[in-house]
Amino acid sequence: MAYKWNFIIIGTFLFLFSMLQQGVCFEDKSEALERAENSSTPLKDTSNTVSSKRGPEGLEQDVSKVVDMSPSKRLKQKIKVTLKGARDLDGFIENFDHSFNKISLTLENIGNSELLRLLAFLKDKQLILEGLKFEPPVSQGMDFSFIDEKGAIDFARFVTENKSFFSSFKIFEMSGHSIHYKGLAALCRAFSSLGSLRTFCVDDIGEDESEAVRNTPFEEGLKTLLRGCKNLRKLSLINALSFDSIYHIAEHFSKPPLTWLDLSANFFDGENAKILLRFLKGKKDLRLVLRENNILPDEITELTKENWGFEIDFEDQDIKNPELDFS
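Numbering follows the numbering used here, in which position 41 of the sequence shown is assigned residue number 41; successive positions increment by one, without gaps.
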């Protein structure tokens with residue numbers, strides 16, 4: 001009888017010991033799953049779900065979880081994307097990658113409606129736009145898209161209405177798009193409230209010499225940009241100013257801490273240049289580019305005699321010989 005009771009006691013002890021061991025295992029496994037569920041590291045699986053894994057004993061362990069791809073959980077990456085035409089744009093949207101939260105764009109053959117569609121998509125994905133560059137339009141058969149005056153005004157309105165999307169916006173470049181003075185004025189006003197802006201470069205806005213008359217709304221927009229963008233380092237307005245504009249805006253170029261100012265191809269003569277130089281005098285970190293204007297050789301010689309305190313590029317003037325008759 002004693003032997004029987006000893007056997008029962010030993011058996012009960014072994015059973016309880018076994019259950020305690022299993023309890024520890026279950027607790028460890030539960031903690032492991034909890035850690036997996038709370039992990040903030042995104043997975044590369046494009047389905048955003050991991051279905052099951054095989055454990056060390058060949059048994060499937062269900063560790064299914066939905067990957068949190070909210071902006072705060074994304075990899076802190078920024079990328080540069082070039083899109084050439086509507087087909088590239090469609091492919092980018094269709095195959096969008098969630099692993100970044102900041103983006104810089106280079107666009108070619110993207111028109112008004114496509115631009116707004118792209119910006120609305122990126123805003124919806126809660127991304128941050130850091131830079132936007134428009135290449136000159138290129139004819140590709142029937143595909144020839146560009147930003148015109150209306151497109152520039154619509155884009156400026158989008159900037160004004162979605163400032164958080166542009167909170168880290170640093171670079172804007174546009175070349176060869178016919179946005180004219182109204183479009184350029186709208187962009188200047190919209191960007192004037194972006195304290196992060198470092199580069200604003202516009203080349204050839206579609207106004208020819210006969211159209212390049214004084215435009216007061218544009219002048220006011222440019223003044224607003226120069227006053228508001230206190231971190232602006234690089235400014236280019238190539239073939240974008242009128243002959244008379246410099247008299248009314250020259251002093252405002254001295255406001256931001258510019259290191260690069262390119263005012264080439266704006267029909268300036270020696271008098272225009274001298275007015276500008278007087279206001280910029282002493283900006284020792286500046287490089288001023290005045291190529292392809294109408295500054296005569298003797299005017300350049302006279303201007304370079306004075307020490308302005310910064311580097312000036314007078315190369316490739318449109319008028320090289322004052323005795324030539326252009327009438």
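Think of the CB as a built atom: it goes at the ideal place given N, C-alpha and C, for glycine as much as any other residue.
| Asked | Found |
| --- | --- |
| From the DSSP output, read off the bridge partner residues of C201. | E173, S236 |
| Residues in the same chain with beta-carbon distance under 6 Å from L107, minus the five sequence neighbours each way, listed in chain order, please. | L83, F134 |
| Output needed for A185: all residues of its chain with C-beta closer than 7 Å, excluding positions within five of it in sequence on either side, in chain order. | P217, F218, G221 |
| Using the beta-carbon count (16 or more within 10 Å), is Q317 buried or exposed? | buried |
| Which of helix, strand or coil does DSSP assign to V81? | strand |
| Is DSSP giving D244 helix, strand or coil here? | coil |
| Near F314, which residues of its chain fall below 7 Å by C-beta distance, leaving aside the five closest residues on each side in sequence? | L290, I295, I300 |
| Based on the DSSP secondary-structure assignment, which residues constitute the bridge partners of R87? | For R87, which the question treats as bridged, DSSP gives no partner whatsoever. |
| I'd like the span of the alpha helix (DSSP H) that includes V159, first residue to last. | 149-161 |
| Please classify N231 as buried or exposed, where buried requires at least 16 neighbouring CB atoms within 10 angstroms. | exposed |
| Would you mind giving the Cβ-Cβ distance between F155 and L115, rounded to the nearest angstrom? I have them listed as a contact below 8 Å. | 6 Å |
| Can you round the beta-carbon distance between F121 and I79 to whole angstroms, since I take them to be within the 8 Å contact cut? | The pair is not a contact, with the Cβ atoms about 15 Å apart (cut-off 8 Å). |
| Is D298 buried or exposed, if buried means 16 or more other CB atoms sit within 10 Å of its CB? | exposed |
| With a CB to CB cut of under 6 Å and the five nearest residues on each side skipped, what residues in its chain are close to K182? | E149 |
| Checking the sheet assignment: what are the DSSP bridge partners for T224? | None; T224 has no bridge partner. |
| Thinking just about the alpha-carbon of each residue, which of D285, K102, N239 is nearest to the one in K170? | K102 |
| Between L197, F268, N112, which lies nearest to K351 when the distance is taken from Cα to Cα? | Residue numbering for the chain in the displayed model covers 1 to 327; residue 351 lies beyond these limits and cannot be assessed. |
| How close, in whole Å, do the beta carbons of N293 and F253 come, if the pair is a contact with beta carbons under 8 Å? | At roughly 15 Å, the Cβ-Cβ gap does not stay under 8 Å, so N293 and F253 are not in contact. |
| Using the Cα positions of T49 and D90, report the straight-line distance between them to the nearest angstrom. | Only weak support exists for where T49 lies, its pLDDT of 33 falling under 50; the value from the coordinates is given anyway. Cα-Cα distance, rounded: 25 Å. |
| What residues in its chain sit with their C-beta under 7 Å from that of F166, if we drop five residues either side in the sequence? | L129, V159, L194 |
| DSSP state of D124, grouped into three classes? | helix |
| Of the choices L118, D285, I147, C201, whose alpha-carbon is the least far from that of L225? | C201 |
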